[in-house]
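Data first, discussion second: the structure below is written as structure tokens.
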Amino acid sequence: MTAKQDLPVLVGLDGSEPSLAAAVWAATEADLRHARMRLMAVGNDSAQDEELRASLSNAAEHCREKCPQVEVVEAVEHGRPSEALVRSSAEACLLVVGSRGRGNLAEAVLGSVSTAVAMLARCPVAVIRERRTSFSVGPVVVGVDGSPASRSALRFAFDAATARQTDLVAILVWQPAHSGRSGRETLPGAVWFGLDDAQRELAAQLEEWRASHPEVLVRESVRFGHPVEELVSSASHAQLLVVGHKGAGGFERLLPGSVAHGVLHHAECPVVVVRPGQTT
Numbered sequence: 001m002t003a004k005q006d007l008p009v010l011v012g013l014d015g016s017e018p019s020l021a022a023a024v025w026a027a028t029e030a031d032l033r034h035a036r037m038r039l040m041a042v043g044n045d046s047a048q049d050e051e052l053r054a055s056l057s058n059a060a061e062h063c064r065e066k067c068p069q070v071e072v073v074e075a076v077e078h079g080r081p082s083e084a085l086v087r088s089s090a091e092a093c094l095l096v097v098g099s100r101g102r103g104n105l106a107e108a109v110l111g112s113v114s115t116a117v118a119m120l121a122r123c124p125v126a127v128i129r130e131r132r133t134s135f136s137v138g139p140v141v142v143g144v145d146g147s148p149a150s151r152s153a154l155r156f157a158f159d160a161a162t163a164r165q166t167d168l169v170a171i172l173v174w175q176p177a178h179s180g181r182s183g184r185e186t187l188p189g190a191v192w193f194g195l196d197d198a199q200r201e202l203a204a205q206l207e208e209w210r211a212s213h214p215e216v217l218v219r220e221s222v223r224f225g226h227p228v229e230e231l232v233s234s235a236s237h238a239q240l241l242v243v244g245h246k247g248a249g250g251f252e253r254l255l256p257g258s259v260a261h262g263v264l265h266h267a268e269c270p271v272v273v274v275r276p277g278q279t280t
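Residue numbering for the sequence shown follows the UniProt record's numbering, starting at 1 and increasing by one per position.
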């Protein structure tokens, strides 16, 4: 079996500007990981091959210009983009896609496909948006809820903060249980009682990773509100937002599986979705 650190960063391309931005971001990520890059374009029709190869060549040129020390391999595959990328993700340390396709290909790698691979891929998935031109400053932000997926997300986030030599902001979004009485009468006491519990839970979740990553400065934040809104707001100036998917556990209500889908559509910065048991 190939060691995880020997696996390439896989990039899904469709010839659009968002996919090119994703490839350039992935080149920097591959450089941080000392990993190879595999650029993949997928089409249903062999008549598209020339167009696909041209888009691959263009993206590879940009990646080599950005990070000349990174080895770049180009591949054209046939089939459905989401299926091909999910299948290939089993042999990748990270899958990178853009958030939206604007190319002329029959099936863009991006858009709905980016959501599909983020939910199903065998490795962590990074979805890159074009809303900002630079992601080289700011902290790594991670959502925490105590679930298996959240623990995998924490591992990814701590490793990412270490590689980037930046701070980590760990966020637990708390919502109090409804008491059946008016919010005006009961909410303040319920919030503060639950907030103490949430702060202790967050500290406990971070303890192991703080010990193994003493070089990372960690800021803890317990927020009250809607998980998607709070995470997106907190990551507005981040390099990266990391969330788990398909979590369960005592704090499941804090960061349900749909949060991953929500932040993919609204976050300004790159988003990494990590499923339980996945490693960087």
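Cβ coordinates follow ideal geometry from the N, Cα and C atoms, glycine included. Quantities reported herein were computed from a predicted structural model and do not represent experimental measurements.
Nearest residue (CA-CA) to residue i, options the options
{"i": "residue 142", "options": "86, 162, 235, 21", "result": "235"}
{"i": "residue 42", "options": "61, 58, 82", "result": "82"}
{"i": "residue 26", "options": "243, 76, 95, 215", "result": "95"}
{"i": "residue 167", "options": "120, 226, 237", "result": "237"}
{"i": "residue 211", "options": "224, 159, 198, 197", "result": "159"}
{"i": "residue 221", "options": "215, 200, 213", "result": "200"}
{"i": "residue 35", "options": "278, 92, 162", "result": "92"}
{"i": "residue 32", "options": "18, 61, 136", "result": "136"}
{"i": "residue 61", "options": "140, 99, 39", "result": "39"}
{"i": "residue 161", "options": "22, 239, 246", "result": "239"}
{"i": "residue 99", "options": "224, 22, 59, 140", "result": "22"}
{"i": "residue 245", "options": "214, 121, 113", "result": "121"}
{"i": "residue 140", "options": "113, 207, 129, 218", "result": "218"}
Cβ shell of residue i (< 7 angstroms), same chain only, five flanking positions each side left out
{"i": "residue 144", "result": "150, 154, 170, 171, 172, 202, 205"}
{"i": "residue 66", "result": "24, 27, 28"}
{"i": "residue 52", "result": "41, 43, 76"}
{"i": "residue 250", "result": "Because residue 250 carries a pLDDT of 36, less than 50, the predicted location of this residue cannot be relied on, and the following value inherits that uncertainty. So the list reads 146, once near-sequence residues are dropped."}
{"i": "residue 198", "result": "172, 174, 222"}
Presumed contact (8 angstroms Cβ cut-off) between residue i and residue j, rounded CB distance
{"i": "residue 273", "j": "residue 243", "result": "6 angstroms"}
{"i": "residue 97", "j": "residue 127", "result": "6 angstroms"}
{"i": "residue 88", "j": "residue 10", "result": "6 angstroms"}
{"i": "residue 57", "j": "residue 71", "result": "That pair is no contact at about 16 angstroms."}
{"i": "residue 152", "j": "residue 276", "result": "6 angstroms"}
Beta carbon proximity, residue i to chain B, threshold 8 angstroms
{"i": "residue 145", "result": "Checking the listed chains, one finds no chain B in this structure; it contains a single protein chain."}
Alpha carbon of residue i to alpha carbon of residue j, nearest angstrom
{"i": "residue 254", "j": "residue 231", "result": "Per-residue confidence for residue 254 stands at a pLDDT of 37, beneath the threshold of 50, marking its modelled position as unreliable; the derived number appears in the next sentence. Their Cα atoms are separated by approximately 11 angstroms."}
{"i": "residue 20", "j": "residue 270", "result": "14 angstroms"}
{"i": "residue 63", "j": "residue 37", "result": "9 angstroms"}
{"i": "residue 216", "j": "residue 123", "result": "24 angstroms"}
{"i": "residue 233", "j": "residue 268", "result": "9 angstroms"}
{"i": "residue 241", "j": "residue 163", "result": "15 angstroms"}
{"i": "residue 119", "j": "residue 261", "result": "8 angstroms"}
{"i": "residue 90", "j": "residue 117", "result": "12 angstroms"}
{"i": "residue 102", "j": "residue 138", "result": "The predicted model places residue 102 with a pLDDT of 39, which falls under 50 and marks its position as unreliable, so this point remains unresolved."}
{"i": "residue 15", "j": "residue 115", "result": "18 angstroms"}
{"i": "residue 69", "j": "residue 30", "result": "10 angstroms"}
{"i": "residue 165", "j": "residue 157", "result": "12 angstroms"}
{"i": "residue 13", "j": "residue 55", "result": "8 angstroms"}
{"i": "residue 264", "j": "residue 279", "result": "20 angstroms"}
{"i": "residue 259", "j": "residue 148", "result": "15 angstroms"}
{"i": "residue 129", "j": "residue 224", "result": "26 angstroms"}
{"i": "residue 207", "j": "residue 59", "result": "41 angstroms"}
Cross-strand partners of residue i (DSSP beta bridge)
{"i": "residue 78", "result": "43"}
{"i": "residue 209", "result": "Note: residue 209 sits in no beta bridge, so no partner."}
{"i": "residue 219", "result": "169"}
{"i": "residue 7", "result": "In the DSSP output, where bridge partners are listed per residue, residue 7 has none listed."}
{"i": "residue 37", "result": "9, 72"}
Cut-off 6 angstroms between Cβ atoms - residues of its own chain near residue i, not counting five sequence neighbours on either side
{"i": "residue 49", "result": "76"}
{"i": "residue 266", "result": "232"}
{"i": "residue 46", "result": "none"}
{"i": "residue 125", "result": "95, 117, 118, 273"}
{"i": "residue 113", "result": "81, 82"}
{"i": "residue 84", "result": "42, 77"}
{"i": "residue 209", "result": "154, 158"}
Nonlocal neighbours in the same chain, by C-beta distance under 8 angstroms from residue i, ignoring five residues either side
{"i": "residue 79", "result": "42, 44"}
{"i": "residue 196", "result": "none"}
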